[in-house]
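Chemist:
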Amino acid sequence: MRIYTTRSRTTEEFVPLSPGEVRMYVCGVTVYDLCHIGHARSAIVFDVLQRYLRAKGYRVTFVKNFTDIDDKIINRAEAEGQAPHEISERYIAEFRADMAAIGVAVPDIEPKATEHIPEMIRLIERLVVDGFAYVVDGDVYFEVRRFPEYGRLSGKNLDDLLAGARVDVDERKRDPRDFALWKSSKPGEPAWPSPWGSGRPGWHIECSAMAMRYLGESFDLHGGGEDLVFPHHECEIAQSEAATGKAFVRTWVHNGFVNFASEKMSKSLGNVLTIKDIARKYPADALRLWFLNTHYRHPIEYSEERLAENARALERFQVLITDVLGIESRAFFDVPLPAKFGDSPPWVTALMALGNREPVRTYVAVAARRFEEAMDDDLSTPEARAALFGLARELDAYRRDGGDARAFASGVRALVALGRALGLFTELPEQAGPSPEVERLVAERGEARKRRDFKRSDELRAQIQGLGWTVEDTPAGPRLTRRTR
RNA sequence: GGCGGCGUACCCAAGUGGUUAAGGGAGCGGACUGCAAAUCCGUUAUGCGGCGGUUCGAAUCCGCCCGCCGCCUCCA
C-alpha cells in the first residue's frame, strides 16, 4: 500500500514499524463549539483509512484526542458563565453524537488533554534539561533554533518565518518563532501545578505527550487537516524528536478542506454548516459517498445539490441490499473481507460456493481487485467507488437477465463487504419498519391490481406514500422502501 | 512576498506519457411496466483553461499567459 506523506511530499510505500500492526494518531477537535462539515470530512477520511487498514488485515491502534483546555474554551466558558470543563464535556458529547450520526467509528483510544498533564510536564522537563526549551516568568518556550529540522514538514525556510509579519512579537522570547510549551495562568483560569509554577500546557505539547503515551516514541502515521501542517505538526515534530532523539512519525497524512462558495469554511468567515445540519437531511452514506468521490487531499466544495445527488446515487445500492434482505437475514451480510481481497479466488469461491462458470464470481473478483488496487494507491476512493458502482450495475444486469438468486445475493454481499471497508453500508436499509397499516394497504393494493382496478391501486399507492413508504412493483412482488421521493 | 494546489462533458469528479478520456448526478432515445418506480441498453468531451514546445505519441513533460483557491495567525 502506498500513501502520500507530507514530509517528503511524495507517495511512499507504507511499511509499518511492526509488521502487521499500525499505530496511528489523528488530531481531534478542540471542544468549544459544534462540529462543521469540515470536521466531518477529516473524521471520515481517517475513518476510511483506519477501516481500510483493518480490512487489509492490520491490527490497528487508532488514537484521536480531545483538546479540552484552550483559550477558546476558556473564553466560551466565560461568555456563558460556565466552567471550562462544563463547556468541553458538553461539546465532547455533541461530538460523539455527531460522529455516530455520520457513521464514524469510535477510535480505540480518545485521550483528553486535561487527563495527561503529568505526561506533558515530564516531556517539557526533558526538553528544558536537554537545553531545547527555556523558562521565562513561568512560561516555557521551545527554542526553534535548536532544532535544525524545524520547517521541513511544511517546507518552510526558517528565515522566512523570522520575525514573521503575522507573528506576535513577545519580547521575552529569545526568538519570535519559539513556541509555548507551558503557559503561566492568569487568576481564575484553569491551572495545574508544575515545576515552573501554576499554569497550563501549550497547544502542541498535548499531542506529542498523548501520542507517545499510547503509541510509543515512534509510530506509523499521524493525521489531521492540512491546516495543521504548520505550525501544529511542525512543532510536534520538533518537540518530540528533540526530546527522544528518535524519528517521531513515519507517515504524515493531511486531508484537504471543505470550501463553501469557493472559500474556506471557517468560523471567522461565518460560513459554517454543522454536522447536525447535514445529518438531519441526508443519510450518513450519502455524505460519505460525496466525500469519497473526491480524493482526500483535494479541496471539495460544499453544495447541497452534491449531497442530494449522492443521496440519489446511494439508492442504487440500497435497492440491491433491500432486495437481498427480502430473502436473506441481516446477518447474511456480516462477512469479513480477506486480507488480500483483490486477488483471492478462494475467498470468492468460498463466499459464493458457486461453479467456475458463474459470472458473479468474475464480477466480484474483478471489482475487488480494482477496488483494492485503487485503495492501495494512496486511497484513491473515487476509483474504488467507481468499482462499487460497476459491480452494482453488473449485478443488476445479471438479475435482470434471470441470474441465479443465490449467486445474486452473494454478489451483493461481496459488494457490501467492499463498501464496509470504506465505512459504507454499516447500517443496512431499514426493513422492519412498515406498520400493520402499511402492510394492510400493500396487500389491499395487490388485490386491487389483481382485479385490474388501477384507479384504486393508485389511490392506495398514494396513501402508502403518505405514510412514508414507497411501493414499487417488481417481478418478484412489491418492493417497500422508506424513501423520501 | 515565500510555499503549495486547482482549472477535464450540462453539473460533480477520476485519470498525470501510449488501448475507444473512470464513475456519479442530470438530459435525451429505447426496452420493461396497467401507469409509475427501479433496472437494463444506447447516447451526451476528435477533446482535457489559452498559446507555443519536447516526443513516434501528451489531458498527462517543459515554457509563457489567463483564472480560482489554500497555508504562512487560532483553525479539520
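If you read the first sequence in the working numbering, its first letter stands for residue 1470, the second for the next number, and so on.
Every residue gets a Cβ at the ideal spot worked out from N, C-alpha and C, and that includes glycine.
Starting from residue 1941, trace the beta strand (DSSP E) in both directions and tell me its first and last residue.
Modeler: Note, residue 1941: beta strand (DSSP E), 1939-1943.
Chemist: Assuming residue 1543 and residue 1658 form a contact by the criterion Cβ under 8 Å, report the distance between their Cβ atoms to the nearest whole angstrom.
Modeler: 6 Å between Cβ atoms; contact.
Chemist: Give me whichever residues DSSP pairs with residue 1482 in a beta bridge.
Modeler: In the DSSP output, where bridge partners are listed per residue, residue 1482 has 1471.
Chemist: Pull up the distance between the alpha-carbon of residue 1572 and that of residue 1936, whole angstroms please.
Modeler: In a straight line, the C-alpha of residue 1572 is about 27 Å away from that of residue 1936.
Chemist: Run through the segment 1776-1857 for me and flag every whole alpha helix (DSSP H) of 4 or more residues, listed as ranges in chain order.
Modeler: Runs found: 1814-1821 and 1828-1845.
Chemist: From residue 1786 to residue 1811, what distance separates their C-alpha atoms?
Modeler: Rounded to the nearest angstrom, the two C-alpha atoms are 20 Å apart.
Chemist: From residue 2008 to residue 1588, what does the alpha carbon distance come to, in whole angstroms?
Modeler: The first residue shown for the chain is 1470 and the last is 1954, placing residue 2008 beyond what the model contains.
Chemist: Taking DSSP's pairing of strands, which residues face residue 1608 in a bridge?
Modeler: The partner list for residue 1608 (beta bridge, DSSP) reads 1605.
Chemist: Would you report the Cα separation of residue 1725 and residue 1506, rounded to the nearest angstrom?
Modeler: Taking the straight line from one Cα to the other gives about 12 Å.
Chemist: Per DSSP, what kind of secondary structure is residue 1692 in: helix, strand or coil?
Modeler: Correct three-state label for residue 1692: strand.
Chemist: Only counting the same chain, and skipping five residues up and downstream in sequence, which positions put a Cβ closer than 6 Å to that of residue 1580?
Modeler: Within the same chain, residue 1580 has close Cβ partners 1534 and 1679.
Chemist: I need the straight-line Cα distance from residue 1761 to residue 1526, nearest angstrom please.
Modeler: Each residue's alpha carbon lies about 22 Å from the other.
Chemist: Rounded to the nearest angstrom, what separates residue 1729 and residue 1747 at their Cα positions?
Modeler: The alpha-carbon atoms of residue 1729 and residue 1747 are separated by roughly 14 Å.
Chemist: Closer than 6 Å by C-beta to residue 1480: which residues in its own chain qualify, once you throw out the five before and the five after it? Chain order, please.
Modeler: The residues are 1471, 1473 and 1847.
Chemist: Since residue 1721 contacts residue 1691 with CB under 8 Å, what's their CB separation in whole angstroms?
Modeler: Right, their Cβ atoms sit about 6 Å apart.
Chemist: How about the segment 1695-1711 and the segment 1615-1623: do they share at least three Cβ pairs that are nearer than 8 Å?
Modeler: Because the criterion of three Cβ pairs below 8 Å is met, the segment 1695-1711 and the segment 1615-1623 touch.
Chemist: Would residue 1892 pass as a contact of residue 1598 if the rule is Cβ separation under 9 Å?
Modeler: It is not a contact, given that the beta carbons lie outside the stated cut-off.
Chemist: What does the Cβ neighbour count give for residue 1575, buried or exposed, with the cut at 16 atoms within 10 Å?
Modeler: Exposed is the call here.
Chemist: Give the list of continuous beta strand (DSSP E) stretches no shorter than 3 residues that lie fully inside the segment 1537-1595.
Modeler: Complete beta strand (DSSP E) runs here, min 3: none at all.
Chemist: Tell me which residue opens and which closes the alpha helix (DSSP H) that residue 1905 is part of.
Modeler: It spans 1905-1919 - the alpha helix (DSSP H) in which residue 1905 sits, taken as one unbroken run.
Chemist: Residues in the same chain with beta-carbon distance under 6 Å from residue 1682, minus the five sequence neighbours each way, listed in chain order, please.
Modeler: Closer than 6 Å at Cβ, skipping near neighbours: 1588.
Chemist: Find the nearest neighbour of residue 1805 within the set 1492, 1523, 1483 and 1491, judged by alpha-carbon distance.
Modeler: Closest by alpha carbon: 1523.
Chemist: Are the CB atoms of residue 1897 and residue 1860 nearer to each other than 9 Å?
Modeler: Taking 9 Å as the Cβ cut-off, residue 1897 and residue 1860 do not qualify as a contacting pair.
Chemist: Going by the DSSP bridge assignment, what does residue 1949 pair with across the sheet?
Modeler: 1940, per the DSSP bridge assignment.
Chemist: For residue 1501, which of 1510, 1906, 1564 and 1915 has the nearest alpha-carbon?
Modeler: For residue 1501, the nearest C-alpha among the options comes from 1564.
Chemist: If you run the structure through DSSP and keep just helix, strand and coil, what is residue 1773?
Modeler: DSSP places residue 1773 in helix when its eight states are reduced to three.
Chemist: Should residue 1927 be labelled buried (16 or more other beta-carbon atoms within 10 Å of its own) or exposed?
Modeler: Exposed.
Chemist: To which residues of the same chain is residue 1713 closer than 6 Å at the C-beta, ignoring the five residues directly before and after it?
Modeler: The answer, listed in chain order, is 1686.
Chemist: Can you round the beta-carbon distance between residue 1941 and residue 1878 to whole angstroms, since I take them to be within the 8 Å contact cut?
Modeler: About 19 Å; that fails the 8 Å criterion.
Chemist: Can you grab the Cα-Cα spacing for the pair residue 1537 / residue 1899, in whole Å?
Modeler: Each residue's Cα considered, the two are about 37 Å apart.
Chemist: What are the boundary residues of the beta strand (DSSP E) that residue 1530 is part of?
Modeler: Residue 1530 -> beta strand (DSSP E) spans 1528-1533.
Chemist: Tell me which same chain residues have a C-beta within less than 8 Å of the C-beta of residue 1521, skipping the five on either side of it?
Modeler: Cβ neighbours of residue 1521 beyond the five flanking positions: 1844, 1848, 1890 and 1891.
Chemist: In the DSSP assignment, the alpha helix (DSSP H) including residue 1673 goes from what residue to what residue?
Modeler: First-last of the alpha helix (DSSP H) with residue 1673: 1672-1684.
Chemist: Taking the straight line between their C-alpha atoms, what separation do you get for residue 1485 and residue 1550?
Modeler: The alpha-carbon atoms of residue 1485 and residue 1550 are separated by roughly 47 Å.
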